[in-house]
């Protein structure tokens, strides 16, 4: 009620000493403002303003001694954050999250080292046929699988191809689609933009690289009883996982290329994927060829990609 008094004073229906001047006008006005402020005419939820919306006001009686004594409890004014809801606990019991806390100097060194490592990453079209241990590919895919996803549905499948016959089939189908793209589907502007990169419809790397990783997005899932499970934000989730996959490939000391032959339906057929899985991206993975080259490109400066508010 105290928060509404300045508004009533400004409207001339109340005085600073707490007296309502015009009762007939004040009653409906107070009721309207009360409802607008609390979203209820008859009750006041124990809520308080918070940057992320409305949060429960902290009442120690609502939480066990274990939760009250845990470092997970972080007060933000009167708002209590990081206390899991009872509904969430039913499906996913929480466990302690205690990552190593770095000093500012350590944070700076780690972030700089990671940036410099990732800044050396380049898309490469020239691959060596030298073998790569399968366990390395396993670890790379496991890393991609740590990506966040909508409702933790993990809507991705990574198909690893090493069989020469399957790689050849993929190359032949991809080149057929790409040849049509360059001949008729691509606009002249698109082809002009690609020209400096030296690309064309021929894709020998699809056979030369020891592995192909084909990323599929699961548009929906399947429950044990055969019913469909909704997958939320599967496009965004798979995109994040793919970015982490590319980072893991580079961190392992290998190279890759993001290849998107369009349309990509042939990948579902060749790799015999179920109807809920749609091709997302094709990545050849291996060592760069001894004489490999990449275009001498420059990345945008920080001022061109970041805005601080």
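Residue numbers (the numbering used here): 65 to 373. No residue lacks a Cβ here, since even glycine has one placed at the ideal position from N, Cα and C. Here the structure is a predicted model, which is why all the values come from computation and not from measurement.
Straight-line Cα distance separating residue j from residue i
i, j, result
"residue 21", "residue 261", "This structure leaves residue 21 out entirely; the chain is present only between 65 and 373."
"residue 369", "residue 184", "18 angstroms"
"residue 213", "residue 162", "21 angstroms"
"residue 158", "residue 333", "41 angstroms"
"residue 323", "residue 267", "9 angstroms"
"residue 365", "residue 355", "29 angstroms"
"residue 142", "residue 189", "Bear in mind that a pLDDT of 36 at residue 142, under 50, signals an unreliable position, so the model cannot answer this."
"residue 238", "residue 166", "47 angstroms"
"residue 223", "residue 282", "13 angstroms"
"residue 248", "residue 255", "11 angstroms"
"residue 138", "residue 232", "Unreliable placement is indicated for residue 138, whose pLDDT of 39 sits below 50; the coordinate value is still reported in the next sentence. Whole-angstrom Cα-Cα distance: 56 angstroms."
"residue 367", "residue 170", "24 angstroms"
"residue 16", "residue 352", "Lying outside 65 to 373, the shown extent of the chain, residue 16 is not represented and no answer is given."
"residue 357", "residue 178", "23 angstroms"
"residue 253", "residue 259", "10 angstroms"
"residue 229", "residue 236", "11 angstroms"
"residue 293", "residue 286", "5 angstroms"
"residue 215", "residue 251", "39 angstroms"
"residue 114", "residue 373", "At residue 114 the pLDDT is 40, less than 50, meaning the model places this residue with poor confidence and gives no usable figure here."
"residue 202", "residue 288", "26 angstroms"
"residue 243", "residue 306", "26 angstroms"
Integer Cβ distance of residue i from residue j, believed to fall under 8 angstroms
i, j, result
"residue 27", "residue 234", "The structure shown does not extend to residue 27, since the chain is modelled only from 65 to 373, so the question has no answer here."
"residue 277", "residue 331", "At roughly 12 angstroms, the Cβ-Cβ gap does not stay under 8 angstroms, so residue 277 and residue 331 are not in contact."
"residue 389", "residue 321", "Outside the displayed range of the chain (65 to 373) lies residue 389, so it cannot be described from this structure."
"residue 264", "residue 246", "7 angstroms"
"residue 318", "residue 196", "7 angstroms"
"residue 198", "residue 280", "With 8 angstroms as the limit, residue 198 and residue 280 do not qualify as a contact, their Cβ atoms being about 20 angstroms apart."
"residue 182", "residue 290", "Incorrect: roughly 43 angstroms between the Cβ atoms, too far for contact."
Beta-carbon proximity check, residue i vs residue j, cutoff 8 angstroms
i, j, result
"residue 200", "residue 316", "yes"
"residue 304", "residue 349", "no"
"residue 343", "residue 241", "no"
"residue 284", "residue 340", "yes"
"residue 308", "residue 211", "yes"
"residue 168", "residue 217", "no"
Local Cβ density within 10 Å of residue i, reported as buried at 16 or more and exposed below that
i, result
"residue 220", "buried"
"residue 300", "exposed"
"residue 205", "buried"
"residue 175", "exposed"
"residue 275", "buried"
"residue 362", "exposed"
"residue 173", "exposed"
"residue 194", "exposed"
"residue 208", "buried"
"residue 164", "exposed"
"residue 302", "buried"
is_contact[residue i, chain D] using C-beta, thresh 8 angstroms
i, result
"residue 252", "Protein chains in the displayed structure number just one, and chain D is not present."
Legend entry - Completely contained alpha helix (DSSP H) runs for the region 303–352, where each covers 4 or more residues: 329–334
Inset, instruction - Return the chain-ordered ranges of every beta strand (DSSP E) run that is complete within the region 264–295 and spans a minimum of 3 residues. - result: 275–282, 284–286, 292–294
Legend entry - Complete runs of the alpha helix (DSSP H) confined to the region 237–263 [at least 4 residues]: 252–258
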